[in-house]
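**Student:** Below is the structure I would like to discuss, written out as structure tokens.
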Amino acid sequence: MTLKIPGKVLVIDNRYEDVRDIITSLWHDGQGIVFRDTLPSEEAIPSNVRLIILDLMLREDGDIQPEDYEQAALALYRISKRTSFFLVAVWSIHVDPQDVGQASQVVETLKRAYRDVAGSEFPTSFLKPFGKNIGQQQLEREIQGWVASNPQAGLVFKWEDAVEDSRDGAVSKLVDIGGIDAIVRSMTQELGEQAVPREMLNLLNRILVRHASKEDRVRTLSPLVSSILTGGTVASSPYEWYARFHYLQTYFPVHDSEPLWTGDILKRTSCEDPLEEFAIVITPACDLAQKRPTGIKVTYGIQFDRIPVYRVDDESVPAIVKLLAKRIGGKYKERGNIIKSLVTGSDLPERFKVLYFLRTSLGSENYFHVLFDFSRIDSLLCERHGSGDFGVPQGWQRLCRLDSPYIEDLLQKYSTFSSRVGTPSIPEAIKGEMERKMRTTS
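Counted from 1, the sequence shown has number 205 at position 203 by my numbering; the numbering is strictly sequential.
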């Protein structure tokens, strides 16, 4: 095959002799093959499975029954919980690929069984039924044809292939140069011990990316990029697709045991003031690593996902509009302009920053946006762990963490807004005198 399948190939068939030739051929091509002769448990499923060759009936010959579809669907559900696959080749004596109607019925029956088992739609767009008399070469041609008609998937295949090829070179160089201990000690002095593991991962990943980005590897993506640009196809639901992609590239989930950190986005578990329902930690990471602050500095934000029609002369004006609008003659700024400013992030006052496509939980498909206001800064009291690190403050939940370099951009914007001379602060002793004078009545 011109296109190597990244990851592993999982073959599930109760008769090894039926798949021996395919396994041998794939193995000679350098593929990582895993064979199971029964319904695998979740623990027995390998990681990074990309192609599944699945016998539809994992028992001795006979008439196919509904429970056979259920068992096949259960196998695919267990696999989907552990890894992300692209291609499923249904391999069965009960499939006649020449009979288009029968083959289509097999696919639809398996998809229905999957919905019953998993409570969700089938997790890949490619489900190809084959008879067991198909040869290895035809299977390869079918995979090639699928990639040719799906250059988006091919692009991901090539990227994963480049990462795999680059990993050994990057690891070898890191081992050969030595001195990792000096880097770790330097990071510990600069950032504190708790921050070193994540910073090391970031450093090692950057080195890996440089290896994967060599010209010869980048060049292999060009034909696929050209196919995408000339194909004219777009996502069927671009808003939902982009919401998921934006979340993937901008945020990452944080384990509950991790200490509070710069860029953590928090939501109150109960909130009466919509202007203070969300917060993002803006205390510098170096201060947290050195355990300097007594509290966590945050800036507050307000959620929005749609701006309802409102009347300026009653209470229907949304809180976010009241926050943003310019008052001219008692009228709020025109609703369309408010929406345009929020969607584009342009024409917003300097103290505002929008973070788009957040969600309250990993499984949720309900995305919303938050407008952060750098004039609303607070210091939250947080409980310290035994290590001296801060935990999530009481009354709040952590949604995710804003990733680099986006957190640096937000902090720079906050610094630009807040780092100005301003008016001189009033000494505490004078404040007391002022209070007494202001309370004096003539």
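Positions of the beta carbon are idealized from the N, C-alpha and C atoms, including for glycine. A quick note: this is a predicted structure, and the numbers were derived from the prediction, not measured.
(1) How should residue 152 be labelled, buried or exposed, when 16 other C-beta atoms within 10 angstroms of its C-beta is the threshold for buried?
(2) Name the DSSP bridge partner or partners of residue 301?
(3) I need the straight-line Cα distance from residue 224 to residue 270, nearest angstrom please.
(4) Would you identify the three-state DSSP class for residue 269, choosing helix, strand or coil?
(5) How far does the beta strand (DSSP E) with residue 133 in it reach, from first residue to last?
(6) On the CB-based measure, 16 or more other CB atoms within 10 Å of its CB, does residue 57 come out buried or exposed?
(7) Based on DSSP bridge pairs, tell me the residues matched to residue 13.
(8) May I have the straight-line CA-CA distance separating residue 305 from residue 95, to the nearest angstrom?
(9) For residue 205, which of 325, 406, 24 has the nearest alpha-carbon?
(10) Report the rounded CA-to-CA distance for residue 16 versus residue 251, giving the unit in angstroms.
(11) Ends of the beta strand (DSSP E) at residue 358?
(12) Relative to the alpha-carbon of residue 92, which residue among 273, 355, 106 has its alpha-carbon at the smallest distance?
(13) For residue 63, does the count of other Cβ atoms within 10 angstroms reach 16, so buried, or fall short, so exposed?
(14) Can residue 255 and residue 384 be called in contact, C-beta distance under 8 Å?
(15) Quick one: what does DSSP say residue 314 is sitting in, helix, strand or coil?
(16) DSSP puts residue 91 in a beta bridge; with which residues?
(17) Helix, strand or coil: which one does DSSP assign to residue 398?
(18) Within its chain, find whatever has a CB closer than 7 Å to the CB of residue 358; leave out the 5 residues flanking it on each side and keep chain order.
(19) My understanding is that residue 81 touches residue 47, with C-beta atoms under 8 Å, so please give their C-beta distance in whole angstroms.
(20) Comparing C-alpha positions only, which one of 24, 352, 44, 207 sits nearest to residue 170?
(21) I'd like to know whether the C-beta atoms of residue 154 and residue 261 end up nearer to each other than 8 Å.
(22) Can you give the Cα-Cα distance for residue 294 and residue 301, rounded to whole angstroms?
(23) Are the CB atoms of residue 309 and residue 323 within a distance shorter than 8 Å?
(24) Along the alpha helix (DSSP H) that carries residue 69, what are the first and last residues, could you check?
(25) Just tell me which of 166, 139, 284 has its CA closest to the CA of residue 404.
(26) Got a sec, what are the start and stop residues for the alpha helix (DSSP H) residue 65 sits in?
(27) Are at least three pairs of beta-carbons, each pair with one atom in the segment 6 to 13 and one in the segment 21 to 37, less than 8 Å apart?
(28) From which residue to which residue does the alpha helix (DSSP H) around residue 29 run?
(29) Can you tell me the Cα-Cα spacing of residue 367 and residue 142, whole angstroms?
(30) Would you mind giving the Cβ-Cβ distance between residue 115 and residue 77, rounded to the nearest angstrom? I have them listed as a contact below 8 Å.
(31) Spell out a yes or no on whether the segment 210 to 217 and the segment 159 to 169 are touching, meaning 3 or more CB-CB pairs, one atom from each, closer than 8 Å.
(32) How would you call residue 8, buried or exposed, if buried means at least 16 neighbouring beta carbons within 10 angstroms?
(33) What's the gap between the Cα of residue 125 and the Cα of residue 87?
(34) Checking 8 Å against the spacing of the C-beta atoms, do residue 303 and residue 280 come in under that value?
(35) Tell me which residues share the same chain as residue 29 and place their Cβ nearer than 6 Å to its Cβ, disregarding the 5 neighbours each side in the sequence.
(36) Could you compute how far the alpha carbon of residue 230 sits from the alpha carbon of residue 149?
**Tutor:** Let me lay it out:
(1) buried
(2) 282, 379
(3) 46 Å
(4) strand
(5) 128 to 133
(6) buried
(7) 37, 55
(8) 55 Å
(9) 406
(10) 41 Å
(11) 354 to 360
(12) 106
(13) exposed
(14) no
(15) coil
(16) 55, 130
(17) strand
(18) 248, 371
(19) 5 Å
(20) 207
(21) no
(22) 19 Å
(23) yes
(24) 68 to 84
(25) 284
(26) That residue, residue 65, is in no alpha helix (DSSP H); it is neither H nor E in DSSP.
(27) yes
(28) 18 to 30
(29) 36 Å
(30) Going by Cβ atoms, the distance from residue 115 to residue 77 rounds to 11 Å, so no, they are not a contact pair.
(31) yes
(32) buried
(33) 8 Å
(34) yes
(35) 35
(36) 12 Å
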